[in-house]
Structures are given as structure tokens and as C-alpha cells.
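First up is the structure itself, then whatever we jot down about it.
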Amino acid sequence: MNLRNLSIKRKLTLLAMLTSSIAVVLSSASFLIYDLVTFRNLLSQDLMTEAEIVAYNSAAAMAFNDEASANVQLSALTAKSDLVAAVLYGADGRIFAKYYRSGTPTPELPAPVEGKSYRYTGHYMEVFNDVSLRGERLGTLFLQSDMTRWNTRARQYASILAIFVLISGLIAWFVSSRLQGLVSGPILELEQTMRAVSVQKNYAVRAVKTSGDETGRLIDGFNTMLAEIQHRDKALQRANGDLKTRTQELEDEIVHRKGMQEELLKAKDAAEEASRAKSAFLANMSHELRTPLNAIIGYSEILEEETRDQGQPENVRDLRRIQAAGKHLLSLINDVLDLSKIEAGKMTLHPETFAVAPMVEEMITTLQPAAERNANQLVLRMPDDLGSMYADITKVRQILFNLISNACKFTEHGTVTLDVERREGVEDRLFFRVSDTGIGMTPHQQSNLFQYFTQADSSTARKYGGTGLGLAISQRFTHMMSGEIHVASVSGEGSVFTLELPAKVPLDAGELAQAPLAQEPAQDAAGPGGDATTVLVIDDDPSVRDLMTRFLGKMGYIAVPAPSGPEGLRLARELRPGIITLDVVMPDMSGWDVLNELKADPELASIPVIMITIVDHEALGLARGASNYLMKPIDRDRLAVALDKYSTRPEQVPDMALDYSGSL
Amino acid sequence: MPTILLVEDNALNRDMLSRRLIRRGYTVITAHDGAQGHARACADAPDLILMDIGLPEMDGWQVTRLLKSNAQTCGIPIIALTAHALVSDRQKAREVGCDDYDTKPVEFSRLTQKIETLLTAKGVV
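In order, the protein sequences belong to chains A and B. In terms of the numbering used here, the first sequence opens at residue 1 and continues consecutively. In terms of the numbering used here, the second sequence opens at residue 1001 and continues consecutively.
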């Protein structure tokens, strides 16, 4: 059994017993040794005294050489039970007389030693003593004694000692087992308390302190720790309670909010439904209003013509007023329609790439009459290298139309200037600045400018007319195209509106129209045949082939459709067309592959290829040998221009691009 | 003079447009619904058709499709007239094969320009 694993009780008892036993054994042993040594010395003294007496008594017998007398002398030693042998040696060393104790074997006799001496040999004590008479040495007496007495004494002492040690050990055990409780008791008590605490998790229990020693301090420390734990436990329980309460509160809140959310969702749905209904209503109203307007404007125009023919100029003015009012109402309806589409999120972008300068010039031409109405001068300033931009041209036109016609409206006998600028910094942007020398606006008027139904102030509408929607719609359009409109104005001096648009309007799927292919009507208005250029149309989309065939036919070209790359290549070799239009994205053989093969064939390499695609990789296309690059949806004008450039027969049917701008 | 077929259900509009077209020297024949419009287009072979889209029963889109799928009438230019100023209408007009498109109320000078353009293309004028 490992000592270390003994209980502290046993350890303490063992400790006390061991300590006391060792002390008792050691002290007893030292006493025993001291006693035995002293006793032996006593024995030897006794034997030497005896030897002197025998020597003295034997001296006469030796002097007279009386052997018998000497033996008598020696035999008197029988009384001494531990004396084993007594021998008288003559001066010559011969044995003169001797005595041996009966019942013991004859001992081996040593040679006589002169003088007085003693020695211990094993189990015997031996003494030599001179026998002399009047100073004359006659011989030597030798006495040999065994250690029986000493041994007996030693045994007795050892027995007593053993009993003593036993008794003292018992007493030590008794006492220590009583006293160890002083030390082990508190520790055991502490241990029990600890166990109770850890088993029952009851931190209110305290260990009882019974002493002021280290154990007492240990108990104090333990109790302090318990108090601390109890405190924390309570705090923890309180916190837990709080947490539960809070969790419950949160759950309640969540349930509450979910309810609210559902209500809100319902409300939102209802609101959206109402909004849709409103938009639908507005849209319906808008074109329900058009029918009577159609009649009003139309009949007033007829009347104007007829009245003029009949020579009644005073009525012409009134009829013109009716027309103006009707047209104003029409623009209002169109604005409301735009507004309802914006509000319903149905306003979409139709971005395309177009040259900026022609668009701006056309705008200025269109607005010239509006400028002249108030005797304003309309000035256009722009650099030669404006290039093209990618945006919804209809909306850009509408915004500019709005800004410039506003400027013309609020300026009299002044100047309205349109500055166009392109800045290719971090971002390629176009700036259209419309400045006038008109009435201007106060800061307060400017702040409300882009709100719906707001004009600079309410009297403006009376004086100048307008719906108050134009600028708001313009701003929404601008934002759709990731642009900005800024205004700077000084009341009485004029205003500057700046339209800032990215040169390439970022594509936002949500606002983009689904890029419909520009489909064109069938028309057998083929141009004069014979020398017409053949155009090979390679496109996998039948509707595009159909459209292109018709359109090219109308333009006076002979169009040959090819539904795939390989078929296109076959027809190209067979027909040697004047121009090839090539779709990029096709299933079995892409436009790039077709282009590569065309350019690799020396007989076909010279045919101009116009790439037509929805993927904008113009640089790549041109690098690979395409002559031109057009984006879908196909812009008829641009296609016409491109074809014209490569065809040998430039005769063209007059342009009939659909005009949608007139109604806006 | 070129003959124009005006298909329009609204009597006011029909009257107004036809009067103005006649003033311009065109011969105008009219139809007040899709079926009649189709019948007159086939029977009278006009040089151009002004097609109102919002017609009862057979609408302008359907009539246009019918006429454009008929070899006899597919060569007649058709201008769609609609009160809708929506992009989808413009797309629809192209899809069904209209040669041009305009919104109501008609801006007469613009409409006559479109008419003349189409007639010139056809070689009538």
C-alpha cells in the first residue's frame, strides 16, 4: 500500500507512533549499552579482585611448592559459578595447580602472561595476575570466567526494553489517535463540506472553523470562496432570470412585429394595388382624353385652314389659341403618362449608341421657333470631336427639349445657350449646359424645382403655363441613366441648367427594355434590280433574317439569308456577295469563327463584313478584320450608312425611320 | 390622285381626317370597323391605308396582319394610328408589319409627311 494514499488520520497516527517509538528505542538502546558496558567493567573488576585474593592466598603454597594446598585454594573457587577455569603457572611456565568447573569441557589454556592484565576472548573474560611473595615473583594466576551473568542481564534488560517500547508505542498510538483529530478533524470536515457543495451545488453551506491555525485559515479561505461563488451564482441566476425575461420580451416583440409586418405587407400590397390602379387609371384616362383632344385639335386645324381660305383672319387667331390649348393639354397628358410610368416602375431605358452632335443640332433646329417666339437668340456651342454616346436617345432628347424650351419660355429678348462638352477624366462624361438670360430663380424656388407639380412659384404657371412635371420627369430620366441635373441661378439674371450624363450609360437590367429586335414591315418596294449589290445575311435568328431581308430589299439590295455559319460560308463562296452581315452569337459556329474563315480565304477576304451583335466587342471585331460593327437592336440608319459605304449602288429609298418624337 | 383608305371607328375622327385629306387632294375612302376595312382594302386597292388600332371586334393589328399576309394587298403601305404612346405599341406596329406608326391626336402635317414619304417610295406620287 502506498503511504501517500493513506488517509490523513492514519498518516498522523503513524507519524506520532513512529516518532515516539524511534525516540524510545534509541534512548533505551543507549541506556542498555551504557549499562552493559558498566556491568562488564564491574565483572572484570570483580574477577581481578578475586584473582588478587587467590594469588595472595596461593603464594605460600607456591613458595613451598605445596601443590595440594594450592589445589585446595583453587577449588574454593567452586562457589563462583561463572568461573570456568583457574590455573596457577609456575615461574617456569608449567602448570602448578588448576581448577576446572565441572560439567564444562576442558578449556584451552593460554601461555602465562607476566604482570596484571585482562582480556576478553569471545565468550570469556580472562585475567592474569602475578603470584609473588615479598616481592619475589613465584608464578602466574590465570582465571577464566564465562559471560553468563552478563548475558543474563542483557537478556533481562532487552526483554524489559521490548516491553517498554511496546507499552510506550501503545500509549503513543492511543494518544496520537486521540490527538490527530485536532489536525485531521477540520480537514476532514472541510473535505466533507467541499464534497457536499460539489454534489448538492449548495453554495450556502459553510465549513465550521474549529481552530485558528493554518487549517482554520484554509477553512476561512474556502468559506470566502464559497461566499464569492454564492454571490456570483446569485448574480448569474439573476442575470439568467433577466435574460429569460428579456428573451421572452424579445419573443413577444418578434411576434408583435411579425404581426405588424404582415399588416404592413397587407398595407403595402393594398397600396401597391392602389398605385397600380392609379397608374392604370392614369394611363386609361390619358388615352381616353386623347380621343376628344384629337377632335378638338383636328377640327380647330380644319377650321383654321377653312377660315383662312374664307378670309376671316380674326377667327384664325382664336382657332390657333384653341389648338395651342389643346396641344398644351396633350403635353400635360403625356407628362402625366410618363409620370405614371415612372411611379409604377414601368419606365424603361432603350439605350443605343448615337453621335452626339447631330442629335444636338436637330434639337436646336426643332426649338428655333420656340426661341423666336420670345425674340430669343438660340446659340449652340460645342467642339467638333464630341463623338458618340450610349444612352436612351429619346430620353436625352426629351430632357434637352425640356431644358431648352423652359429657358426659351422664361427669357425674353435674351440669349439661350447650349454648351456641350465631353470630359474624359476618370469617367467619360458629357455635359449639356443650358444657360439663359431670363428671369432666374431665388434659392427657395430652386430648392423645389425638381418636385412634381412644382414651378418656381404658383404664379409662374399662370403667367408662363406648363405642367410643373417637365423638370421632375427630366430629373428622373437623368437618374435612370446614372446622370445628374444641376441648377445655378440668380434671380433676375438668368439660370444655368447642367445635364451631366455618362458617355456610356451603365446597363441596369431592371430599367432596360428587353432589347427587341428592330423589326421592319414587309414591303415589296424593291429598288431597281440588275446592278443591285448582293448582301449575305448570316444570322441564326429567323426573325432577324426575315427583318434584314425585307429591309435590305426595301433599300434596293438583293438579300440572301443564311441560317448558320457553315451555310453562310458555302453561300459566300458560291455567290461572292458584295457585303456580308454577320451575327456573332450563333450555336454551332460563332460569328468570330466565320469571320476568321472568311478572312483566311483569299477569294473572300476582300468582302466587307458588318458584324451585328448584342455583344459590344467593337475593338475585337475590327481587329479581326470586320469592316464595321453594329449593335442590336439594329439601328436602320446606321445599317444603311454602313451598307452604303461598302455598296457599289448608293441609290436609297428615302429614310422612313419611325418617328416617335413628335408626340413627346 | 392617290386613294387613301381610312379605317377609323370614331365618326368625328373619321370625318375630320377625311376632310383634311380631301382638302389636300387625296381620294379618301373610309371604313368604320376592321372587317369593313379589310373588305375595302381588297376590293378598292387603295394606295395607302391609315389604320386605327383601337377598332371594335377585329382590331387594327389583326386587319394589318391579314392584309400583309395577302399577296394581293401586302404591297399597300399601312400607317398605324393609336392613342397609345407606348413603346410596346411601336414594337407591336413593327411586328405586325405596319410601314409606319403615329400617335393620336394626329399632328396633321407630320402625318401627311409620312403619307407622302410612303407614297413616294411606292412610286405613286
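Glycine included, each C-beta is placed from N, C-alpha and C at the ideal position.
Exercise. Across which residues does DSSP place A:GLN368 in a beta bridge pair?
Worked result: The residue you call residue 368 of chain A lines up with position 368 of the first sequence. Residue pairing by DSSP leaves A:GLN368 without any beta bridge partner.
For this session: Quick one: using the 10 Å Cβ neighbour count with 16 as the cut-off for buried, is A:LEU622 buried or exposed?
Result: Here residue 622 of chain A refers to the residue found at position 622 when the first sequence is read from its first residue. With fewer than 16 other Cβ atoms inside 10 Å of its own Cβ, A:LEU622 counts as exposed.
Exercise. For B:ARG1020, does the count of other Cβ atoms within 10 angstroms reach 16, so buried, or fall short, so exposed?
Worked result: Locating residue 1020 of chain B in the second sequence gives position 20, counting from the first residue. Burial state of B:ARG1020 is buried, judged by a 10 Å Cβ sphere holding 16 or more other Cβ atoms.
Exercise. Closest Cβ-Cβ distance between A:ASP644 and chain B: below 8 Å?
Worked result: What you label residue 644 of chain A is simply residue 644 of the first sequence in a count that begins at 1. Closer than 8 Å: no.
Problem set entry | Beta-carbon neighbours of B:MET1016, restricted to chain A and to distances below 7 Å | In the second sequence, residue 1016 of chain B corresponds to position 16, counting from 1. Those within 7 Å of B:MET1016 in chain A are ALA295, GLY298, TYR299, ILE302.
Exercise. Under 8 Å between C-beta atoms, does A:ARG290 make it to chain B?
Worked result: Position 290 of the first sequence, counted from the first residue, corresponds to residue 290 of chain A. Chain B, which has a Cβ nearer than 8 Å to the Cβ of A:ARG290, makes this yes.
Problem set entry | Proximal residues, the region 305-317 of chain A versus chain B, C-beta separation under 7 Å | Listed in sequence order: GLU305.
Exercise. With DSSP run on the structure shown, which of helix, strand or coil describes A:LEU14?
Worked result: Along the first sequence, read from residue 1 onward, the residue named residue 14 of chain A stands at position 14. It is helical.
For this session: Please classify A:ARG462: is it buried, with 16 or more other beta-carbons within 10 angstroms of its beta-carbon, or exposed?
Result: Numbered from 1 along the first sequence, position 462 holds the residue referred to as residue 462 of chain A. Annotation note: pLDDT 49 at A:ARG462 (below 50); position unreliable, no value reported.
Exercise. With respect to the alpha helix (DSSP H) encompassing A:MET586, which residues constitute its N-terminal and C-terminal limits?
Worked result: For the purposes of this step, residue 586 of chain A is identified with residue 586 of the first sequence, where counting begins at 1. Looking at the DSSP string, A:MET586 is not in any alpha helix (DSSP H), and its letter there is neither H nor E.
Exercise. Does the count of Cβ pairs from the region 360-367 of chain A and the region 440-448 of chain A closer than 8 Å reach three?
Worked result: Cβ pair count under 8 Å is below three, so no.
For this session: Please list, in chain order, all residues of the same chain as A:CYS408 whose beta carbon is under 8 Å from its beta carbon, the five residues on each side excluded.
Result: As a position in the first sequence, residue 408 of chain A is number 408, starting the count at 1. LEU367, ALA370, ALA371, ARG373, ASN374, ASN376, LEU378, VAL416, ASP436.
Exercise. Closer than 8 Å, CB to CB, is B:LEU1021 near chain A or not?
Worked result: Locating residue 1021 of chain B in the second sequence gives position 21, where the first residue counts as 1. Chain A contact via Cβ: absent.
Problem set entry | Alpha carbon of A:PHE96 to alpha carbon of A:THR38, nearest angstrom | For the purposes of this step, residue 96 of chain A is identified with residue 96 of the first sequence, where counting begins at 1. For the purposes of this step, residue 38 of chain A is identified with residue 38 of the first sequence, where counting begins at 1. Note on geometry: alpha-carbon atoms of A:PHE96 and A:THR38 lie some 34 Å from one another.
For this session: Rounded to whole angstroms, what's the CA-CA distance from A:ASP338 to A:VAL434? Just pull it up for me.
Result: Indexing the first sequence from 1 puts residue 338 of chain A at position 338. Indexing the first sequence from 1 puts residue 434 of chain A at position 434. Each residue's alpha carbon lies about 23 Å from the other.
Exercise. When you compare each of A:ASN71, A:THR394, A:MET194, A:LEU582 to A:THR478 by their alpha carbons, which one comes out closest?
Worked result: Here the question's residue 478 of chain A lines up with position 478 in the first sequence. Minimum Cα distance to A:THR478 is reached at A:THR394.
Problem set entry | Coil, strand or helix - B:GLU1116 by DSSP | Counted from its first residue, the second sequence places residue 1116 of chain B at position 116. Taken through DSSP and simplified to helix, strand or coil, B:GLU1116 comes out as helix.
Problem set entry | Beta-bridge partners of A:TYR124, as assigned by DSSP | The sequence position of residue 124 of chain A within the first sequence is 124, counting from 1. By DSSP's assignment, A:TYR124 forms a beta bridge with A:THR121, A:ASP146.
Problem set entry | the region 216-229 of chain A contacting the region 251-258 of chain A, beta-carbon criterion three pairs below 8 Å | Three or more beta-carbon pairs separated by less than 8 Å are not found between the region 216-229 of chain A and the region 251-258 of chain A, which leaves the two stretches without contact.
Problem set entry | Endpoints, the beta strand (DSSP E) within which A:ILE333 is located | Mapped onto the first sequence, residue 333 of chain A falls at position 333. Counting along the chain, A:ILE333 falls outside any beta strand (DSSP E), though it belongs to the alpha helix (DSSP H) covering 313-343.
For this session: Check each residue of the region 1065-1081 of chain B: if its Cβ is closer than 8 Å to any Cβ of chain A, include it; give the result in chain order.
Result: Per Cβ criterion, the list reads LYS1068, CYS1074, GLY1075, PRO1077, ILE1078.
Problem set entry | Three-state class that DSSP yields for B:ASN1013 in the structure shown | Here residue 1013 of chain B refers to the residue found at position 13 when the second sequence is read from its first residue. If DSSP states are grouped into helix, strand and coil, B:ASN1013 belongs with the helices.
For this session: For B:VAL1007, decide whether its Cβ has a neighbour in chain A, counting only Cβ atoms nearer than 8 Å.
Result: Locating residue 1007 of chain B in the second sequence gives position 7, counting from the first residue. Among the residues facing chain A, B:VAL1007 is not included, as its CB has no counterpart in that chain under 8 Å away.
Exercise. Alpha carbon to alpha carbon, how far is A:MET347 from A:MET481?
Worked result: Working through the first sequence from its first residue, we reach residue 347 of chain A at position 347. Working through the first sequence from its first residue, we reach residue 481 of chain A at position 481. Whole-angstrom Cα-Cα distance: 12 Å.
Exercise. Looking at the structure shown, is B:TYR1026 part of a helix, part of a strand, or coil, going by DSSP?
Worked result: For the purposes of this step, residue 1026 of chain B is identified with residue 26 of the second sequence, where counting begins at 1. Correct three-state label for B:TYR1026: coil.
Exercise. Would A:MET389 be called buried (16 or more neighbouring beta carbons within 10 Å of its own) or exposed?
Worked result: Looking up residue 389 of chain A in the first sequence gives position 389. Buried: at least 16 other Cβ atoms inside 10 Å.
For this session: Return the residue from the list A:HIS123, A:MET62, A:PHE432 that minimises the CA-CA distance to A:VAL84.
Result: Here residue 84 of chain A is taken as the residue at index 84 of the first sequence, counted from 1. Ranking A:HIS123, A:MET62, A:PHE432 by Cα distance to A:VAL84 puts A:HIS123 first.
Exercise. Quick check: the region 323-332 of chain A against the region 283-300 of chain A, are there 3 or more CB pairs under 8 Å?
Worked result: In short, these stretches touch, since the Cβ pair count reaches three.
Exercise. Mind checking if A:SER418 is an interface residue toward chain B, Cβ cutoff 8 Å exclusive?
Worked result: In the first sequence, residue 418 of chain A corresponds to position 418, counting from 1. Note on identity: in this sequence residue 418 of chain A is Leu, with Ser being the wrong assignment. For A:LEU418, not one C-beta of chain B is nearer than 8 Å to its own C-beta.
For this session: Kindly indicate which three-state DSSP category A:ASN129 falls into: helix, strand or coil?
Result: Position 129 of the first sequence holds residue 129 of chain A. Of the three classes helix, strand and coil, the one that applies to A:ASN129 here is strand, per DSSP.
For this session: Answer yes or no: do A:ILE399 and A:LEU499 have a C-beta to C-beta separation smaller than 8 Å?
Result: Locating residue 399 of chain A in the first sequence gives position 399, where the first residue counts as 1. Locating residue 499 of chain A in the first sequence gives position 499, where the first residue counts as 1. Contact flag set, yes.
Exercise. Under 8 Å Cβ-Cβ, which residues of chain A neighbour B:PRO1046?
Worked result: The residue labelled residue 1046 of chain B in the question sits at position 46 within the second sequence. Under the 8 Å cutoff, chain A gives no residues; its nearest Cβ is about 15 Å from B:PRO1046.
Exercise. Chain B beta carbons: is any one of them nearer than 8 Å to that of A:PRO528?
Worked result: One-based indexing of the first sequence puts residue 528 of chain A at position 528. In this predicted model, A:PRO528 has a pLDDT of only 33, less than 50, meaning its place in the structure is not dependable; the value taken from the coordinates is given anyway. Interface residue (Cβ-Cβ distance to chain B less than 8 Å): A:PRO528 is not classified as such.
For this session: Please name the residue or residues paired with A:HIS486 in a DSSP beta bridge.
Result: Position 486 of the first sequence, counted from the first residue, corresponds to residue 486 of chain A. Answer is A:THR498.
Exercise. Quick one: what does DSSP say A:TYR100 is sitting in, helix, strand or coil?
Worked result: Translated into positions along the first sequence, residue 100 of chain A becomes position 100. Correct three-state label for A:TYR100: strand.
Exercise. Over what stretch of residues does the alpha helix (DSSP H) that includes A:ALA472 continue unbroken?
Worked result: Residue numbering aside, residue 472 of chain A sits at position 472 when the first sequence is read from its first letter. Note, A:ALA472: alpha helix (DSSP H), 470-480.
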